[in-house]
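Per the working numbering, residue 2 is the first one in the sequence shown, and the count goes up by one each step. Every residue, glycine too, gets a C-beta built ideally from N, C-alpha and C. Remarks on the structure that follows.
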Amino acid sequence: PDKWGRETGDEAGWDICLSEDGGVLVVGVPGSTHMGIDAGEIRVYEYKPLTDHWLRRGQDLHGEMPGDRFGHAVAVSDDGMIVEAGSPFYSKTFENAGEVRIFHYNHSEAHRFHKVSRTLTGRDANDNFGHAVAMSADGTTVAAGAPAAPYNGMALVGYVEVHFFNVALQKWKKLGEP
2 PDKWGRETGD EAGWDICLSE DGGVLVVGVP GSTHMGIDAG EIRVYEYKPL TDHWLRRGQD
62 LHGEMPGDRF GHAVAVSDDG MIVEAGSPFY SKTFENAGEV RIFHYNHSEA HRFHKVSRTL
122 TGRDANDNFG HAVAMSADGT TVAAGAPAAP YNGMALVGYV EVHFFNVALQ KWKKLGEP
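In structure tokens, the structure reads:
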């Protein structure tokens, strides 16, 4: 089917990303109201060539609060097992600071996504961290942009942070300065 949105205003397809082989599709739905107005969500689909259908992979992943716009930006590892999604208007830490969450798909645990370590958040109010996201082929390095962040008294200068997943410590480590 080619109808990914379910409700008026979902904005399904605001951002999309394919795995390297084209078999896993991540769809950003930042206007979803499942967790409140514009909380957002992402949906992941897997292509089944024998039936020529896209089927859901795991559960829908939702924004935490109304207005987050989770799914504004999405990324996926080459093998389709790790997904990243930005919520540029996430305001739990600071108003519109933004956040990025990364999830790993687990076949052996009821075919579900599980959050990988802690959430990555913007440094200050109105940074809009997670407006754009990127991921390395193996999913161990992620990047996120904060285009509205000020710097030295100048507005909308922005920054990008890069994080690497330290497997031994099971947590994200920032690489270098923003």
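Query, Result
"Check whether the segment 105–114 and the segment 85–95 are in contact - that is, three or more C-beta pairs closer than 8 Å.", "no"
"Give me the Cα-Cα distance between Y106 and A76, rounded to the nearest whole angstrom.", "14 Å"
"Of the residues R58, L62 and G123, which one's Cα is nearest the Cα of I43?", "L62"
"Quick one, which of L56, V28, D79 and H164 has its alpha-carbon nearest V101's?", "H164"
"Does the Cβ-Cβ distance between N127 and N97 come in under 8 Å?", "yes"
"Opposite H115 in the DSSP bridges: which residues?", "H105"
"Tell me, please, which residues DSSP counts as bridged to I17.", "V28"
"Starting from N167, follow the beta strand (DSSP E) in both directions and report where the run begins and ends.", "Y160 to N167"
"In chain order, what residues of the same chain have a beta carbon less than 6 Å from the beta carbon of S157, not counting five sequence neighbours either side?", "Here the sequence assigns Leu to residue 157, which means Ser is not the residue at that position. Counting only Cβ-Cβ distances below 6 Å, and skipping sequence neighbours, we find A149."
"Is the beta carbon of L26 closer than 8 Å to that of I17?", "yes"
"Given that a residue counts as buried once 16 or more other Cβ atoms are within 10 Å of its Cβ, and exposed if not, what is G99?", "buried"
"In this structure, does DSSP put R70 in helix, strand or coil?", "coil"
"Can you give the Cα-Cα distance for E65 and M155, rounded to whole angstroms?", "31 Å"
"Where are the beta strand (DSSP E) runs, 3 residues long or more, that stay fully inside the segment 38–104, in chain order?", "42–49, 54–57, 74–77 and 83–88"
"Considering only the beta carbon of each residue, do S118 and W173 sit closer than 8 Å?", "yes"
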